[in-house]
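First residue of the sequence shown: 408, per this note's numbering; consecutive thereafter.
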Amino acid sequence: EAIDAVGIGFGGPVDAARGIVTRSHQVPGWDEFPLADWARQTLGMSRIVIHNDADTAGLGECRFGAGVGLSPVLYITVGSGIGGGLIIDGQIYRGAGAGALEIGHLWVIDRSTSDLDVVKLEDIASGWAIGATARRYAESHRTGGRDDWLVLKLAGGDPSRIDAALVAEAARQGDREAHFLMSKAVYAMARGLNQAVTLVAPRRIILGGGVSRSGEDLWLDPIRAQLDILVFPPFRGTFDLVPTALGDEVIVHGALALARDAAEADAREPMR
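Structure below.
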């Protein structure tokens, strides 16, 4: 069958109305890049819709996954960075046009520092941040003549191979330092989510991304417990927190929803 429309979920801030990538963290040189026009020329198609990847993923969950029939739904992806999307009545909330719910850029307290530094959420709780902190720990261990840290062993003795997945695995195996690193991320994540709950009062929060694969016991349950303590009392019990139902295919599902909406909108327009 002929393709009527194409949806794109891009990893970074976009101006959906203009079809432009406003800031590219993934593709060098794509700041202010006209992605929709490029796709139209490359694919030879007129119906191209782009959105931020987290927005797109949230739409996918609300149409096909864990958010079906619920509103508002807050989707958060925790991977190399942290992004968010808010879906209201089955549609992406766009704010003033440059995107909304960029939760990774909320400021939170880093309780692991003596001065209780205030940093961005994704500088503590993202997969990149967890891995980077663990690599610094590993180098410190090696400098001190200790090569017995479990995370370093799991990395084959090479600090450059350490990532959040190895930290989570070491924490599951009982390593105290690895568990501390995960707990620090949980603490920060819960505080970021609490701010989002206070502002938008979602019916459901869906967590996706690589770090969320750390599991219920190491990631989701501790975040739930922290949220229950932090949340504004009138909001307690009004929402739940669940993992993505669509896994790694969540953005694909969202992009398909974007494309279908665009095709159906065009079909409803009167003939001219």
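Here a beta-carbon is modelled for each residue, glycine too, at the ideal position from N, C-alpha and C. Note that the structure is a prediction, hence the values are computed from the model and not measured.
CA-to-CA distance, residue 675 to residue 595, given in whole angstroms: As a first step, residue 595 must be located in the sequence shown, where it is residue number 188. As a first step, residue 675 must be located in the sequence shown, where it is residue number 268. Cα to Cα, residue 595 sits roughly 45 angstroms from residue 675.
8 angstroms Cβ cutoff met for residue 537 and residue 599: Here residue 537 refers to the residue found at position 130 of the sequence shown. Here residue 599 refers to the residue found at position 192 of the sequence shown. No, the Cβ-Cβ distance between residue 537 and residue 599 is not below 8 angstroms.
So residue 587 is in the beta strand (DSSP E); what residue range does that whole segment cover? The residue labelled residue 587 in the question sits at position 180 within the sequence shown. First-last for residue 587: 583 to 607, but that is the alpha helix (DSSP H), not the beta strand (DSSP E).
C-beta atoms of residue 434 and residue 427 nearer than 8 angstroms: Residue numbering aside, residue 434 sits at position 27 when the sequence shown is read from its first letter. Residue numbering aside, residue 427 sits at position 20 when the sequence shown is read from its first letter. Contact flag unset, no.
What ranges does the beta strand (DSSP E) occupy inside the stretch 502 to 572, keeping only unbroken runs of at least 3 residues that lie completely in it? 514 to 516, 525 to 527
May I ask which residues mark the beginning and end of the alpha helix (DSSP H) holding residue 434? Along the sequence shown, read from residue 1 onward, the residue named residue 434 stands at position 27. Residue 434 -> no alpha helix (DSSP H), and no H or E assigned at all.
May I ask which residues mark the beginning and end of the alpha helix (DSSP H) holding residue 450? In the sequence shown, the residue the question calls residue 450 occupies position 43. Unbroken alpha helix (DSSP H) run through residue 450: 442 to 450.
Could you check how far apart the C-beta atoms of residue 615 and residue 463 are, in whole angstroms? I think they sit under 8 angstroms. Working through the sequence shown from its first residue, we reach residue 615 at position 208. Working through the sequence shown from its first residue, we reach residue 463 at position 56. So it is not a contact: roughly 11 angstroms between Cβ atoms.
Cβ neighbour criterion (16 or more within 10 Å) applied to residue 413: The count along the sequence shown starts at 1 and reaches residue 413 at position 6. Per the 10 Å Cβ criterion, buried.
Roughly how many whole angstroms lie between the Cα atoms of residue 568 and residue 558? Working through the sequence shown from its first residue, we reach residue 568 at position 161. Working through the sequence shown from its first residue, we reach residue 558 at position 151. Answer to the nearest angstrom: the Cα atoms are 10 angstroms apart.
Between the C-alpha atoms of residue 646 and residue 630, what's the straight-line distance to the nearest angstrom? By 1-based counting over the sequence shown, the position of residue 646 is 239. By 1-based counting over the sequence shown, the position of residue 630 is 223. Looking at the two C-alpha atoms, the distance is approximately 13 angstroms.
For the stretch 626 to 643 against the stretch 447 to 456, do three or more pairs of beta-carbon atoms, one drawn from each stretch, fall closer than 8 angstroms, so that the two count as touching? no
When you compare the CB positions of residue 572 and residue 508, do they come within less than 8 angstroms of one another, or not? By one-based count along the sequence shown, residue 572 stands at place 165. By one-based count along the sequence shown, residue 508 stands at place 101. No, they are not a contact pair.
In angstroms with no decimal places, state the Cα-to-Cα distance between residue 679 and residue 670. Taking the first residue of the sequence shown as 1, we reach residue 679 at position 272. Taking the first residue of the sequence shown as 1, we reach residue 670 at position 263. The predicted position of residue 679 is uncertain, since its pLDDT is 46 and thus under 50; no value can be drawn from it.
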